[in-house]
Structures are given as C-alpha cells and as structure tokens.
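In our numbering, the protein residues as written are 211 to 390.
By construction, the Cβ of each residue, glycine as well, lies at the ideal position given by its N, Cα and C atoms.
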C-alpha cells in the first residue's frame, strides 16, 4: 500500500464484518430491505439504547460510509435533513436520510482523519490550532445561517478528512435560533 489510508481500506476489507455477531448484524440491518444488497456492514462503531453508528462499504465502488441509525423520537433528524440539502466544506456531508415508524437513518461520508480529540493528544502548533479554529467557526456560522445549531459541540464531533480539513458532525436542530 502507498498510504496509511490505502492500508486501512485493505485491512477493513479483510474481515468484511466477520467479527460482528448475528445480533449486531440484525440490529444494524433492521428495516433495510434493498440496502443489504448494495452495502456491506464492516463494523459496529457504537450501539446504545438510542441506536447505533455503523461502518458500511458500498459494494460496487468500495466507498466507505457511516450509517447512523437512531430510534424514532430522537432529536437530530430535522437538522440533518436540512443540512443534507446544503453543503459546506467543513460539515460532514449527509448523503441520504430516511425514516420509518421505528427509527431514522443518516448516511454520511466517512472521515478517515480521526477526531479533534485524537489530535489534542499530541502537541499542535499555534498555526495548526488557528487553522482548526477557523474551519470550525466557518462550519458553525454556516449552520447558524441555515437555522441549525450544533447543541453539543465537542472534540469527538470535530472530524478530519484525509487532507486534514475540519469536518463537523452530529448537529441538532433548535426551534428558536433568534439568540444564536
């Protein structure tokens, strides 16, 4: 492999979800009828009583995607649906959203560069810190201009793409943004 990203993609392709137990697979794929034929479940990144976050691979192109599945009634669907209709270079792209009687699903681009929390474990120069802060502010201002507030911005919700650009994820919608 020529890069760490290529190595990671190759390593993820090896198990192809073999380490995921049947119960986890059932929860991840519940409600997806045609999804299973086009996408391969590679990993369960997080599960709790509110839903789960899953790593999928598009079978035809090999593209990695994040699928966030939340129980119906959880907040966030409106914000993500709204942000899916607009794009910004510093906000994780939402590629699709849908919901049924039991849950809603967000399909987002996969960010391979880690989180801000990961980066804070190492020394950042003031130039790196300034660049991160600038991109973070640009994302938040854009969201606010589209009547979306983050609601719980923290280092684990600030991701990086392979080019080290900041991408903010996990937005929520606030009903009254007049004070934003």
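Asked: In three-state DSSP terms, what is residue 313?; Found: strand
Asked: I need the DSSP call for residue 268, collapsed to helix, strand or coil.; Found: strand
Asked: DSSP three-state label for residue 385, please.; Found: Low per-residue confidence applies at residue 385: pLDDT is 41, beneath 50, and the placement is therefore not dependable, though the value from the model is reported in the following sentence. Coil at residue 385, not helix or strand.
Asked: Applying the 10 Å Cβ sphere with the 16-neighbour rule, what's the burial state of residue 324?; Found: exposed
Asked: Does residue 256 come out as helix, strand or coil in the three-state DSSP assignment?; Found: strand
Asked: Below 8 Å, how does it come out for the region 358-369 and the region 318-336: are there three or more Cβ pairs, yes or no?; Found: yes
Asked: One question on the structure: do residue 308 and residue 315 come within less than 8 Å of each other, judged by their Cβ atoms?; Found: yes
Asked: Can you tell me whether residue 300 is buried or exposed? The criterion is at least 16 other CB atoms within 10 Å of its CB, across all chains shown.; Found: buried
Asked: Looking only at its own chain, which residues have a Cβ that is under 8 Å from the Cβ of residue 305, when we skip the five neighbours before and after it?; Found: 275, 294, 317, 318, 319
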